[in-house]
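Participant: Handing you this structure, nothing more for now.
In this note's numbering, the protein residues as written are 26 to 212.
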């Protein structure tokens with residue numbers, strides 16, 4: 026965040042964005058703080074927490090020093106579910122502007138890396154990991170985020186071979202069923 030003065034100095038010059046100034050004895054002055062993106066107003070060093078503008082409406086009779094304070098916003102990175110699991114599925118609490126990136130099945134948020142592992146193939150299904158989605162285009166956390174694993178689940182196919190020699194088969198009966206399912210997001 027940044028702070029600025031409005032008022033006049035002891036020579037009658039307008040004060041706009043100075044960090045200190047000489048003010049005439051008996052003058053009134055207004056301090057203004059501008060809170061930067063990603064931060065929330067906190068307080069002035071004198072304890073005033075209600076506003077970013079602070080007016081001294083009584084005459085100045087001594088030196089004064091004020092510091093404007095703001096706190097960085099906190100956001101949550103949630104690891105979404107899918108056909109598989111994370112090595113640690115706990116949400117990650119981070120500051121505004123923290124870097125975030127994905128590489129294959131890994132997401133890195135600041136200095137924390139989490140890895141997604143697809144479900145193991147079974148006799149019934151084959152799982153194919155495709156990607157992780159949800160990372161903001163700027164690569165920085167600017168709000169709450171959900172990282173979603175994109176995994177395709179395919180029903181396995183098997184071939185049935187009919188043995189001959191012991192009679193005949195009714196070939197009109199269906200034997201093979203093929204089904205493919207693709208799920209993106211929660212299951």
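By construction, the Cβ of each residue, glycine as well, lies at the ideal position given by its N, Cα and C atoms. Since the structure is predicted, the reported quantities are computational estimates derived from the model, not experimental observations.
Tell me the residue span of the beta strand (DSSP E) that contains residue 58.
Facilitator: Element bounds for residue 58: 54 to 59.
Participant: Below 8 Å on the Cβ atoms is my contact criterion, and I expect residue 60 with residue 66 to pass it. Report the Cβ-Cβ distance as a whole number of Å.
Facilitator: Confirmed, about 5 Å.
Participant: Flag this pair as touching only if the stretch 86 to 96 and the stretch 130 to 140 have three or more C-beta atom pairs under 8 Å; answer yes or no.
Facilitator: The stretch 86 to 96, when compared against the stretch 130 to 140, does not touch it at the 8 Å Cβ threshold.
Participant: To the nearest angstrom, how far is the alpha carbon of residue 125 from that of residue 135?
Facilitator: Looking at the two C-alpha atoms, the distance is approximately 6 Å.
Participant: In three-state DSSP terms, what is residue 211?
Facilitator: Interpretation of residue 211 is limited by its pLDDT of 49, a score under 50 that renders its predicted location unreliable; no figure is taken from the coordinates.
Participant: So, with DSSP's three-state summary, where would you put residue 118?
Facilitator: The answer is strand: DSSP assigns residue 118 an E or B state.
Participant: Can you tell me the Cα-Cα spacing of residue 182 and residue 130, whole angstroms?
Facilitator: Approximately 27 Å between the Cα atoms of the pair.
Participant: Using three-state DSSP, classify residue 157 as helix, strand or coil.
Facilitator: Residue 157 falls in the strand class under three-state DSSP.
Participant: Whole angstroms are fine: how far does the CA of residue 54 sit from the CA of residue 165?
Facilitator: If you take the alpha carbons of residue 165 and residue 54, they lie about 38 Å apart.
Participant: Could you please give the first and the last residue of the uninterrupted beta strand (DSSP E) stretch that includes residue 132?
Facilitator: That run of the beta strand (DSSP E) goes 131 to 134.
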